[in-house]
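Number of protein chains: 2
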Amino acid sequence: MSADNRPVRTLPIGVFDSGVGGLTVLRALRARMPCEHFMYLGDTARLPYGSKSPETIQRYSLQAAGFLMSRNIKCLVVACNTASATALPLLQQHFQSIPIIGVVEPGAIAGSNSSINGRIAVIATESTVQGGAYQRAIKRVRGDAQVVSSACPLFVALAEEGWTSGSIVEDIAHRYLDGLFNIADAPDTLLLGCTHFPVFRDALRNVIGEHIHLVDSADTTAAALKNLLEQQHLVTPSTQPGAVNFMATDGPERFARVAAHFLGHALSSTDVELVEPTFVAPA
Amino acid sequence: MSADNRPVRTLPIGVFDSGVGGLTVLRALRARMPCEHFMYLGDTARLPYGSKSPETIQRYSLQAAGFLMSRNIKCLVVACNTASATALPLLQQHFQSIPIIGVVEPGAIAGSNSSINGRIAVIATESTVQGGAYQRAIKRVRGDAQVVSSACPLFVALAEEGWTSGSIVEDIAHRYLDGLFNIADAPDTLLLGCTHFPVFRDALRNVIGEHIHLVDSADTTAAALKNLLEQQHLVTPSTQPGAVNFMATDGPERFARVAAHFLGHALSSTDVELVEPTFVAPA
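Protein chains in written order, with the numbering used here: chain A, 6 to 288; chain B, 6 to 288.
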């Protein structure tokens with residue numbers, strides 16, 4: 006039983022991200038687990054995380070996770086690649102009462118499984134690339150892999166602006182990616198190491214060509230979580246479609262507007278709860 | 006005398022911005038007042054401000070100003086257009102012991118003075134454009150002015166990335182500006198309503214042509230502050246070059262690296278003090 010006497014398996018799954026990018030992960034989670042309830046928190050008052058220092062990302066992540074814990078969740082998905090890459094072990098150590106998974110390891114598994122030649126390119130935020138979490142995670146899955154990576158901060162701004170195709174996007178993609186792919190022994194796989202990037206799938210395909218595998222962590226994260234819930238007997242008994250509570254630390258109107266690009270359907274600002282940035286202190 | 010017994014006019018001038026963009030203003034201030042000391046605070050842990058709500062921008066601005074007040078400054082320049090547009094009256098009301106000036110009114114004066122035909126285009130962040138502060142400020146200076154405006158959030162990301170010229174920048178500028186200028190009775194003046202934007206001067210000139218006046222608020226803000234210090238007998242008596250203390254709420258290394266684009270000279274991360282995000286409570 007949870008603190009409010011509901012059976013734990015009926016509680017919602019918590020999902021947190023620095024903003025709206027994690028909605029690509031939420032979408033994959035709902036597709037695999039349509040009867041689960043979700044609580045999605047976007048830390049829009051302090052986004053983006055990707056250009057900030059590890060210490061600051063860890064502090065923000067602890068606060069966001071602590072806030073979702075205070076709302077009673079049965080598990081937590083860190084949908085933000087930057088937070089997963091920088092703060093996941095800290096969160097797991099801090100909040101030991103529920104399972105917590107990130108998106109880096111599922112992404113590394115997806116990338117490793119897709120690659121034939123073992124050469125994998127990763128694009129992510131500045132902070133994720135500098136921390137090297139994807140390189141390490143891929144090496145753990147596949148010791149012979151060769152990983153190259155590039156920080157693509159402008160993609161985050163483009164996604165937030167809703168510019169997801171066309172010549173400007175492709176020119177920027179060329180500038181970021183040509184150095185990774187126009188080489189001898191080029192990668193055969195491009196791993197999208199930021200939750201904002203799946204919206205550029207078609208544009209990236211135009212730039213890198215048909216023969217490169219394009220993978221993101223959303224679907225493998227959803228598969229990993231489903232597996233975990235089954236193993237730990239945390240699957241909801243409900244057979245009705247689950248609900249989603251959207252929460253943001255700033256600007257529900259803007260959240261709803263930008264979220265539409267990621268969710269693939271409209272969202273009303275009245276469906277987004279503005280939550281206090283004075284988070285509950287972590288346990 | 007100040008709280009620490011130094012004569013007030015020998016104290017530094019406080020300058021605050023959401024990040025590094027305000028360094029374009031600092032540069033203009035130093036050019037006009039080379040003997041003054043400055044304290045520059047970039048709130049890098051929470052940047053950018055331009056996509057956030059008025060309430061959040063006001064809260065952050067109060068905290069940043071309160072922090073600089075605690076370090077003993079003789080006046081405060083709100084170098085961030087977004088914070089100036091959204092929080093200046095609140096700051097002036099809250100901290101009545103020192104003069105506080107923003108960049109919106111000086112920018113509006115510069116734009117109004119430059120325009121012959123009275124039609125002025127303003128480009129700024131989302132929040133600044135939505136709040137309408139430039140429109141109101143220009144109308145106060147010049148009642149007959151016609152103001153059109155456009156939010157250009159990608160320029161902020163481009164400036165942070167250091168991509169300040171070339172075809173990508175110009176293509177993005179066309180997308181933002183063509184609608185403002187390719188019309189009958191087009192503006193003759195483009196006001197750069199964000200401190201990040203002066204780095205795009207050459208690229209913007211290529212896009213809008215030679216005949217449009219391009220103005221920013223940095224120099225008029227410096228002129229306004231110099232005038233204010235003279236009137237209030239706050240000019241430093243020193244005839245030696247003044248010092249600058251750089252402070253950031255996150256990532257001194259990144260601050261120093263990106264700052265170089267704005268300062269026009271290199272800066273070492275050891276010259277940037279990391280200050281606690283637990284700001285002193287405002288008075």
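Ideal Cβ placement from N, Cα and C applies to all residues, glycine included.
Source: prediction; values computed, not measured.
Problem set entry | Secondary structure, beta strand (DSSP E): runs of 3+ residues fully inside the segment 13 to 94 of chain B | 18 to 22, 43 to 47 and 80 to 83
Exercise. Where does B/R330 fall in DSSP's three states?
Worked result: This structure does not reach residue 330 of chain B, given that chain B is present from 6 up to 288, and the question cannot be answered.
Problem set entry | Own chain, CB closer than 7 Å to B/I103, minus 5 neighbours either side, in chain order | As a position in the second sequence, residue 103 of chain B is number 98, starting the count at 1. Result list for B/I103: I78, K79, C80 and L81, in chain order.
For this session: Show which residues of chain B have a CB atom less than 7 Å away from the CB atom of A/I217.
Result: Reading the first sequence from its first residue, position 212 is the one you call residue 217 of chain A. Simply none; closest approach about 22 Å.
Exercise. Residues in the segment 128 to 159 of chain B with C-beta within 7 Å of chain A's C-beta atoms, listed in sequence order?
Worked result: P158 and L159
For this session: Specify, as a first and last residue, the run of the beta strand (DSSP E) that A/S154 falls within.
Result: Along the first sequence, read from residue 1 onward, the residue named residue 154 of chain A stands at position 149. Looking at the DSSP string, the run of the beta strand (DSSP E) that includes A/S154 is Q151 to A156.
Exercise. What does A/A162 touch in chain B if you count any residue whose Cβ is under 7 Å from its own?
Worked result: Here residue 162 of chain A refers to the residue found at position 157 of the first sequence. Correct list: P158, L159 and A162.
Problem set entry | Cβ of A/N187 within 8 Å of any chain B Cβ | By one-based count along the first sequence, residue 187 of chain A stands at place 182. By this cut-off, A/N187 is not an interface position.
For this session: Could you check the C-alpha separation between A/L160 and B/L233 for me, to the nearest Å?
Result: Position 155 of the first sequence holds residue 160 of chain A. Position 228 of the second sequence holds residue 233 of chain B. Leu is not the amino acid found at residue 160 of chain A; the sequence shown has Phe there. Approximately 43 Å, taken between the alpha carbons.
Problem set entry | C-beta contact flag for A/I177 and B/I173 at 8 Å | Numbered from 1 along the first sequence, position 172 holds the residue referred to as residue 177 of chain A. Numbered from 1 along the second sequence, position 168 holds the residue referred to as residue 173 of chain B. Cβ distance < 8 Å, so A/I177 and B/I173 count as in contact.
Exercise. What's the gap between the Cα of A/A88 and the Cα of A/G27?
Worked result: Taking the first residue of the first sequence as position 1, residue 88 of chain A is located at position 83. Taking the first residue of the first sequence as position 1, residue 27 of chain A is located at position 22. Roughly 11 Å between the two C-alpha positions.
For this session: Measuring only between beta-carbons, confirm whether A/T169 sits less than 8 Å from chain C.
Result: Absence of chain C from the displayed structure is noted, the protein chains being A and B.
Exercise. Do you know how far the Cα of A/R259 is from the Cα of B/R14?
Worked result: The residue given as residue 14 of chain B occupies position 9 in the second sequence. The residue given as residue 259 of chain A occupies position 254 in the first sequence. Distance between the alpha carbons of B/R14 and A/R259: 44 Å.
For this session: With a 10 Å radius around its C-beta and 16 neighbouring C-beta atoms as the bar for buried, classify A/D183 as buried or exposed.
Result: Working through the first sequence from its first residue, we reach residue 183 of chain A at position 178. Counting Cβ neighbours within 10 Å, A/D183 comes out exposed, since fewer than 16 surround it.
Exercise. Just the Cα atoms here: how many angstroms apart are B/E110 and A/D221?
Worked result: Along the second sequence, read from residue 1 onward, the residue named residue 110 of chain B stands at position 105. Along the first sequence, read from residue 1 onward, the residue named residue 221 of chain A stands at position 216. Roughly 47 Å separates the two Cα atoms.
Problem set entry | Simplified DSSP assignment, three categories, for B/V280 | For the purposes of this step, residue 280 of chain B is taken as residue 275 along the second sequence, with counting starting at 1. B/V280: coil per DSSP, three-state reduction.
Exercise. Around the Cβ of B/I121, are there at least 16 other Cβ atoms within 10 angstroms (buried) or fewer (exposed)?
Worked result: Here residue 121 of chain B corresponds to residue number 116 of the second sequence, with the count starting at 1. Under this definition B/I121 is an exposed residue.
Exercise. Is the Cβ of A/S273 closer than 8 Å to any Cβ of chain B?
Worked result: On the first sequence, position 268 is the one that residue 273 of chain A refers to. No, because no Cβ of chain B sits closer than 8 Å to the Cβ of A/S273.
For this session: For my contact list, A/V30 and A/A271 are in at a C-beta cut-off of 8 Å; report their separation, rounded to the angstrom.
Result: To locate residue 30 of chain A, count along the first sequence from 1; it is residue 25. To locate residue 271 of chain A, count along the first sequence from 1; it is residue 266. About 19 Å; that fails the 8 Å criterion.
For this session: Determine, using beta carbons only, whether A/R51 and A/F43 come nearer to each other than 8 Å.
Result: The residue you call residue 51 of chain A lines up with position 46 of the first sequence. The residue you call residue 43 of chain A lines up with position 38 of the first sequence. The answer is no: Cβ separation not under 8 Å.
For this session: Please work out which residues of its chain come closer than 8 Å, Cβ to Cβ, to B/Q140, disregarding the five sequence neighbours upstream and downstream, and give them in chain order.
Result: Taking the first residue of the second sequence as 1, we reach residue 140 of chain B at position 135. Taken in chain order, the residues that qualify are V127, V152 and S154.
For this session: Give every residue of the same chain whose Cβ lies closer than 7 Å to the Cβ of B/D22, excluding the five residues on either side of it in the sequence, and list them in chain order.
Result: The residue you call residue 22 of chain B lines up with position 17 of the second sequence. Excluding positions up to five away in sequence, the list reads G47, A84, C85 and T200.
For this session: Can you tell me which of the three DSSP states B/I128 falls into?
Result: Reading the second sequence from its first residue, position 123 is the one you call residue 128 of chain B. Note: B/I128 maps to strand in three-state DSSP.
Exercise. Helix, strand or coil for A/N187 per DSSP?
Worked result: Stepping through the first sequence from its first residue, residue 187 of chain A is reached at position 182. A/N187: coil per DSSP, three-state reduction.
Problem set entry | Option in A/Q63, A/A115, A/H179 and A/A138 with minimal Cα separation from A/N211 | As a working mapping, residue 211 of chain A is identified with position 206 in the first sequence. When only C-alpha atoms are compared, the closest one is A/H179.
Exercise. Under 8 Å between the Cβ atoms of A/R124 and A/A191?
Worked result: Within the first sequence, the letter at position 119 stands for residue 124 of chain A. Within the first sequence, the letter at position 186 stands for residue 191 of chain A. The answer is yes: Cβ separation under 8 Å.
Exercise. Buried or exposed: where does A/V277 fall if 16 or more other Cβ atoms within 10 Å of its Cβ makes it buried?
Worked result: Numbered from 1 along the first sequence, position 272 holds the residue referred to as residue 277 of chain A. Label assigned to A/V277: buried.
Exercise. Which residues in chain A sit within 8 Å of B/S172, going by Cβ to Cβ distance?
Worked result: As a position in the second sequence, residue 172 of chain B is number 167, starting the count at 1. The answer, in chain order, is D176.
Problem set entry | Outcome for A/I143 when other beta-carbon atoms lying within 10 angstroms are tallied against a minimum of 16 | Reading the first sequence from its first residue, position 138 is the one you call residue 143 of chain A. Flag for A/I143 reads buried.
Exercise. For the segment 43 to 58 of chain B, which residues have a CB atom closer than 9 Å to at least one CB atom of chain A, in sequence order?
Worked result: T49, A50, R51, L52, P53, S56, K57 and S58
Problem set entry | Simplified DSSP assignment, three categories, for A/F100 | As a first step, residue 100 of chain A is located in the first sequence; it is residue number 95 there, counting from the start. Note: A/F100 maps to coil in three-state DSSP.
For this session: Enumerate in chain order the residues of its own chain whose CB-to-CB distance from B/Q63 is below 8 Å, with the five nearest sequence positions on each side excluded.
Result: Counting from one through the second sequence, the residue named residue 63 of chain B turns up at place 58. Contacts found: T91, A92 and L95.
Exercise. How would you list, in chain order, the residues of chain B whose beta-carbon sits under 7 Å from the beta-carbon of A/T61?
Worked result: Counting from 1 along the first sequence, the entry for residue 61 of chain A is found at position 56. What A/T61 touches in chain B: A50 and D255.
Problem set entry | N-terminal and C-terminal residue of the alpha helix (DSSP H) that B/A227 is part of | Your numbering for residue 227 of chain B matches position 222 in the second sequence. It spans A223 to Q236 - the alpha helix (DSSP H) in which B/A227 sits, taken as one unbroken run.
For this session: Assign A/H266 to buried or exposed, taking buried as 16 or more other Cβ atoms, counted over all protein chains shown, within 10 Å of its Cβ.
Result: Here residue 266 of chain A corresponds to residue number 261 of the first sequence, with the count starting at 1. That one is buried.
Exercise. What three-state label does DSSP hand A/N211 in the structure shown?
Worked result: As a position in the first sequence, residue 211 of chain A is number 206, starting the count at 1. Helix, per DSSP.
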